[in-house]
Amino acid sequence: MRIAATLGLIGLLAPAPLGAETVIRSAVLRVDVAGLPPISRLDLPPDDLGLAGARLGTMDNATTGGFLGQTFETAELTATPETAAATLDKAMADGAGFVVVIADDAMTLVLADAARDRALILNAGARGDALRGTECRANIVHVAPSHAMLADALAQFLAWKKWDEWFLISGSHPADLDLAQAYRASATKFGAKIVEDRVFEDTGGARRTDTGHVQIQKQMPVFTQGAARHDILIAADEAGIFAEYLPYQSWEARPVAGSAGLVPRSWHPALEAWGATQFQNRFEAMAGRPMRDEDYQAWLAVRIIGEAATRTGSADPAVLRDHILSPGFEVAGFKGQKLTIRDWDHQLRQPILLTTGSLTASVSPQDAFLHQVSQLDTLGKDRPETECSFP
Amino acid sequence: MRLALLSFLLLAQPALANKVFVSNEKGNDITVLDSETLEVIATFPAGNRPRGITISPDGKELYVCASDDDTVRVFDTETYQETHTLPSGPDPELFVLHPSGNPLYIANEDDNLVTIVDVQTRRVLAEVPVGVEPEGMAISPDGAFVVNTSETTNMAHFIDTASSQIVANVLVDQRPRYAQFTADGKLLFVTAEIGGTVAVIDVATKEVVHKIGFQIPGVLPEAIQPVGLKITQDGSRVFVALGPANRVAVIDGTTFEVIDYLLVGQRVWQLAFTPDERLLFTTNGNSNDVSVIDVAAGKVIRSVPVGQQPWGIVVAPD
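Order-wise, the sequence lines are chains A and B.
If you count by our numbering, then the first sequence holds residues 1 to 391, one letter each, in order.
If you count by our numbering, then the second sequence holds residues 1 to 318, one letter each, in order.
And the structure:
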């Protein structure tokens with residue numbers, strides 16, 4: 001026993017000599033699409049977006065693995081849509097049995113179909129509902145929350161506030177429409193009413209010009225003018241085109257939620273509850289910046305792999321995969337309760353943070369919404385509603 | 001005659017009052033209660049984010065983990081003045097004192113270390129690398145083993161106090177928070193906050209021999225989060241603070257069956273007995289109070305308002 005522990009400690013300090021059976025190999029693959037910068041320069045994506053989260057997860061796994069004689073390797077890869085498939089192929093050829101993918105819905109699907117049974121895909125980026133529904137794949141585990149979960153999380157809070165008349169503004173991109181549809185479904189599910197439903201067309205144009213704010217100050221009131229009486233504006237803007245312009249610029253004096261204002265998300269760097277402070281500290285010490293949603297999701301994806309390795313004592317991807325998809329699987333993620341995986345669409349159950357610019361304002365599910373199985377199943381597509389069927 | 005006199009004296013003598021020290025995580029201070037009157041008798045500042053709290057065997061020195069100051073502050077239990085600090089490593093959260101009163105074993109959450117500090121020379125004796133986010137600390141009654149629980153690694157690490165080396169790692173459920181040995185040193189109890197269980201570990205074999213689960217009618221399973229734990233000297237009863245379930249579970253120490261759930265304040269966190277085990281105090285982080293449990297009666301008899309977000313608690317020895 002002492003010898004094993006000592007070996008484990010050596011493993012902490014330096015890469016141990018690798019016996020093939022003790023190494024758990026994974027990859028994190030981020031697919032970057034060329035596009036405009038975000039509206040606010042505060043939101044510019046760091047180069048190591050998501051990759052840094054996976055790195056921390058690998059370090060955490062390695063510390064635990066050190067006590068069990070397990071070593072973890074996670075290749076950090078970035079690709080363009082053109083090179084993504086080849087990059088995935090290379091990662092799998094190098095032995096990665098698990099690939100954490102940070103990409104949009106369509107690309108995540110392409111990669112999952114390319115991986116087939118050679119690797120389990122852990123989706124740490126794409127949030128579309130079709131990916132968990134009509135287009136679901138058995139070889140994907142969705143660590144990122146779905147649009148339906150995010151919309152339900154906000155809807156529960158608004159129900160608690162009794163702000164049940166919504167003015168929904170959707171962007172014109174496909175992901176915006178998917179998110180808007182999720183808000184419509186949430187409104188029905190939680191008894192809210194969409195009293196006004198508009199689309200903000202992305203017509204391009206200058207974004208950060210010298211007089212940009214002058215334009216915004218004139219355009220947004222006009223765009224939101226003449227809407228039916230509403231309690232709140234809800235922006236569905238996955239593309240990041242207009243939502244940040246809405247607060248304080250709407251025609252009526254109403255709060256904004258959704259893609260700006262009160263935002264439902266998987267993580268926020270100000271979260272302090274449930275031991276999150278020390279987790280934030282560890283990440284910031286390593287990455288030199290606050291943690292973003294993609295980092296949290298990639299960290300959690302890598303921790304899922306590590307947790308399976310710890311509990312099974314195995315490095316065989318097939319054994320780990322079976323454990324991850326078994327009913328008994330659970331993982332902790334600084335959200336105050338255990339996180340588990342839905343067997344009907346492989347979506348990770350998780351509380352959703354409702355955040356303002358600098359704080360976590362609330363966390364859903366809200367207390368009042370109960371469920372016969374798991375309160376977390378009040379968020380997103382529950383078993384009876386799912387459109388997913390695995391072969 | 002002598003016997004009669006003795007019992008008369010025992011009866012006539014008021015029970016000894018002990019000071020109860022409560023660390024207020026958000027209030028940055030310590031509240032002092034009187035264990036007899038259950039009144040607040042003092043409050044004094046304790047640095048930033050005081051959490052873990054313990055006391056020397058002679059009752060003269062109070063040790064407080066000032067987590068955000070990265071230090072352990074030492075206070076005189078009579079004057080409430082800070083006498084000195086101890087090097088603790090970053091973000092100390094919980095610690096345990098050797099039964100002899102020295103050294104102090106400290107969990108450093110941010111650094112995956114257990115720091116061993118000599119409380120006399122005030123020097124770091126050793127640092128032991130452990131799992132991710134070390135938290136709970138326990139020491140065996142004979143002082144042979146220190147156990148640390150790591151919250152993200154989900155293990156109880158047995159550290160040999162002679163060599164300062166890890167000699168065994170026992171896997172438990174998600175997010176182990178607190179550990180305690182039975183007085184006979186045979187069993188180790190470990191709470192798992194997110195797993196919602198308490199693991200009972202056989203110290204000789206270092207294996208989990210039993211896992212205690214909890215079910216409370218009308219309380220969501222997710223809200224049942226075992227944190228603090230205390231075992232009676234005779235091992236007959238185990239008390240477990242269940243966090244946001246706002247209850248303390250009473251467990252039979254032999255059968256490991258849950259006998260009762262006592263309703264206390266909100267987010268019940270840590271527990272402490274009076275030396276005679278007549279009373280058990282609980283810190284309730286969200287209701288800013290301490291619940292007082294009559295151990296024999298199995299009843300909550302009082303709640304006493306203390307500071308902001310009470311976290312840790314220790315009762316002075318007789």
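The C-beta atom is built at its ideal place from N, Cα and C for all residues, glycine as well.
**Message:** Quick check: the Cα distance between B/VAL170 and B/THR83, rounded to an integer number of angstroms?
**Reply:** 38 Å
| said: Short of 6 Å in beta carbon distance, which residues of its chain neighbour B/ASP318, apart from the five on each side in sequence? Order them along the chain. | reply: LEU16, PRO275
- Message: Counting only beta-carbon separations shorter than 7 Å, does B/GLN233 have a partner in chain A?
- Response: no
Which two residues bound the contiguous alpha helix (DSSP H) that contains A/MET149? 147 to 161
Check: If we cut at 7 Å on Cβ distances, does A/ASP60 have a partner in chain C?
Finding: Looking at the structure shown, chain C is missing, and the protein chains on hand are A and B.
Among B/ASP68, B/GLY143, B/LYS60, B/MET137, nearest to B/HIS98 - alpha-carbon criterion: B/GLY143
**Sheet register partners of A/TRP166 (DSSP bridge)** = A/ILE194, A/ILE232
Exercise. In this structure, what does DSSP give as the bridge partners for B/SER150?
Worked result: B/PRO134, B/MET155
From B/VAL22, B/GLY131, B/ASP118, B/ALA241, pick the residue whose C-alpha is nearest to that of B/ALA107; which is it? B/GLY131
### Task
Would you list the one or two residues that DSSP bridges to B/GLU127?
B/THR115
_Counting beta carbon pairs with one atom in the segment 319 to 333 of chain A and one in the segment 177 to 191 of chain B, are three or more of them shorter than 8 Å?_
no
With a threshold of 8 Å on Cβ separation, who are the neighbours of A/ALA91 within its own chain once the five nearest residues in sequence on each side are excluded? ALA27, LEU29, ALA75, LEU77, VAL99, ALA119
Margin query: Which residue marks the beginning of the beta strand (DSSP E) containing B/ASP260, and which one marks its end?
Written below: 258 to 263
Worksheet item: Hey, quick one: how far does the beta strand (DSSP E) through A/ASP94 stretch, first residue to last?
Response: No beta strand (DSSP E) holds A/ASP94; DSSP gives it neither H nor E.
- Query: Where are the alpha helix (DSSP H) runs, 4 residues long or more, that stay fully inside the segment 223 to 305 of chain B, in chain order?
  - Reply: none
Comparing alpha-carbon positions, which option in B/PRO134, B/THR115, B/GLU277, B/PRO129 lies nearest B/GLY89?
B/THR115
- Query: Is any beta-carbon of chain A found at less than 7 Å from that of B/THR71?
  - Reply: no
Open item on the list: So with CB distances below 8 Å, who are the chain A contacts of B/ARG267?
Closed with: Residues of chain A passing the Cβ test: none, with the nearest at roughly 11 Å.
Q. What do you reckon, are the CB atoms on A/ALA315 and A/THR64 nearer than 7 Å?
A. no
**Request:** Determine whether the Cβ of B/ASP68 lies closer than 7 Å to any Cβ atom of chain A.
**Result:** no
Flag this pair as touching only if the segment 160 to 176 of chain A and the segment 233 to 240 of chain A have three or more C-beta atom pairs under 8 Å; answer yes or no. yes
C-beta contact flag for B/ALA272 and B/ALA245 at 7 Å: no
Query raised in the report: Comparing the C-beta of A/GLN366 with each C-beta of chain B, is any distance below 7 Å?
Result: no
B/VAL314 to A/ALA273, Cα distance in whole Å? 24 Å
* Beta-bridge pairing of A/CYS136 - partner residues as DSSP gives them -> Per DSSP, none; premise fails for A/CYS136.
(message) Between B/ASP142 and chain A, is the shortest Cβ-Cβ distance under 7 Å, so that the two count as touching?
(response) no
Alpha carbon of B/ARG267 to alpha carbon of B/SER56, nearest angstrom
28 Å
Query raised in the report: Going along the chain, which residues of its own chain have a beta-carbon closer than 6 Å to the beta-carbon of B/SER287, five neighbours each way excluded?
Result: GLY265, GLN266
Is B/ALA17 near the ligand HEM, judged by its Cβ being under 6 Å from some heavy atom?
Annotation note on the ligand HEM: not contained in the displayed structure, which lists no ligands.
### Assigned secondary structure, A/ASN123 (DSSP; H/G/I helix, E/B strand, else coil)
strand
Which residues does DSSP pair with B/ILE216 in a beta bridge?
None, per the DSSP bridge assignment.
Helix, strand or coil at B/THR205 according to DSSP, with G and I counted as helix: coil
(Q) Going by DSSP in three states, A/GLU294 sits in which element: helix, strand or coil? (A) helix
Notebook entry, point to check: In angstroms, rounded to a whole number, what distance separates the CA positions of B/PRO129 and A/THR340?
Noted result: 30 Å
Could you check whether the Cβ of B/THR153 sits closer than 7 Å to any Cβ belonging to chain A?
yes
(request) Confirm, please, whether the CB-CB distance from A/GLN249 to A/MET220 is below 7 Å. (result) yes
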